[in-house]
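Asks: For the sequence shown, our numbering assigns the number 478 to the last residue and increments by one with no breaks. Don't be surprised by glycine CBs; every beta carbon is placed ideally from N, CA and C. In this text, all values refer to a predicted model and were calculated from it rather than measured experimentally. First the structure, which I've put down as structure tokens, then a few questions once you've had a look.
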Amino acid sequence: MKNDLLFDFTVDKPTKTVYIIREFAAELPLVWDAFTKAELLDQWVAPKPWSARTKYMNFEVGGRRLYAMVSPEGHERWAVQEFTSITPKTNFKMYNAFSDENENRELPGSDWNYNFSEENGITKVNISIFNESLERLEKMIEMGFSEGFKMSIDNLDKLLETLSKK
């Protein structure tokens, strides 16, 4: 695993937006799959010792993913994502909201925009997360989103390294 890969995490409260840029030492198709396939997402997206469990995912425009972050004690924190735009291997957008296990949403939510590019075997992912309210952004920060996201990305690095060897 390369240690000199770019990782930038910026919270912009005036615009209610989080900006994340991260490079991965893996080819774009593999990184794209890690962000768009439930069986791969469930392996990395939760910070340890939590785990992720997808109830269902339909990765197409208008499709949804309903999943839970599960604590070691079995407590579940559900969220639903609705895919609003997909340009294969380049970009996808989704609307994300906390919910219960029956997809009853807790509004407001947030709009996520993922952009993927590759150069010399290094894939760069640019993510912007626009929150519909400052309160939601602050709740994300209070819940440890920054630390949890960084831990999840470490999980993804390890998964990509394993998958790249196959």
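1) Under the rule that 16 or more other beta-carbon atoms within 10 Å means buried, what is L318, buried or exposed?
2) Check whether the region 453 to 469 touches the region 352 to 370, counting contact only when three or more Cβ pairs, one atom from each stretch, lie closer than 8 Å.
3) Which residues in the same chain as D324 place their Cβ atom closer than 8 Å to its Cβ, once the five residues preceding and following it in sequence are excluded?
4) Does the region 407 to 414 touch the region 425 to 439, meaning 3 or more C-beta pairs lie closer than 8 Å?
5) Pick out whichever of S445, K478, A338 has its Cα sitting closest to the Cα of P326.
6) Which of helix, strand or coil does DSSP assign to E394?
7) In the DSSP assignment, find the unbroken beta strand (DSSP E) run with S383 in it and report its ends.
8) Could you check the C-alpha separation between T366 and A350 for me, to the nearest Å?
9) Is it buried or exposed for L340, if we count other Cβ within 10 angstroms and need 16 for buried?
10) Who are the Cβ neighbours of K328 in its own chain at under 6 Å, not counting the five residues just before and after it?
11) By the three-class DSSP mapping on this structure, what secondary structure does T402 have?
12) Would the beta-carbon of L378 fall within 8 Å of that of W362?
13) DSSP on F428, reduced to helix/strand/coil?
14) Using CA atoms only, rank isn't needed, just tell me which of E385, G421, F428, D316 is closest to D345.
15) By Cβ distance below 7 Å, which residues in the same chain neighbour L475 in space, the five residues on each side in sequence not counted?
Replies: According to the data block:
1) Locating residue 318 in the sequence shown gives position 6, where the first residue counts as 1. Result: exposed.
2) yes
3) Residue mapping note: residue 324 aligns to position 12 of the sequence shown, counting from 1. So the qualifying residues of the chain are V330, Y331.
4) No, they do not touch.
5) Translated into positions along the sequence shown, residue 326 becomes position 14. Nearest C-alpha to P326: S445.
6) Counting from one through the sequence shown, the residue named residue 394 turns up at place 82. Correct three-state label for E394: strand.
7) The residue labelled residue 383 in the question sits at position 71 within the sequence shown. Segment: none, S383 is in no beta strand (DSSP E) and carries neither H nor E.
8) For the purposes of this step, residue 366 is identified with residue 54 of the sequence shown, where counting begins at 1. For the purposes of this step, residue 350 is identified with residue 38 of the sequence shown, where counting begins at 1. Those two C-alpha atoms are separated by around 6 Å.
9) Your numbering for residue 340 matches position 28 in the sequence shown. Counting Cβ neighbours within 10 Å, L340 comes out buried, since at least 16 surround it.
10) Working through the sequence shown from its first residue, we reach residue 328 at position 16. Cβ within range, chain order: N443, L446, L449.
11) Taking the sequence shown and counting its residues from 1, the one referred to as residue 402 is at position 90. DSSP places T402 in the coil class of the three-state scheme, outside both helix and strand.
12) Looking up residue 378 in the sequence shown gives position 66. Looking up residue 362 in the sequence shown gives position 50. Contact flag unset, no.
13) What you label residue 428 is simply residue 116 of the sequence shown in a count that begins at 1. Looking at F428 - three-state DSSP - the assignment turns out to be strand.
14) Residue 345 sits at position 33 when you count from the first residue of the sequence shown. It is F428.
15) Working through the sequence shown from its first residue, we reach residue 475 at position 163. These residues qualify, in order along the chain: L342.
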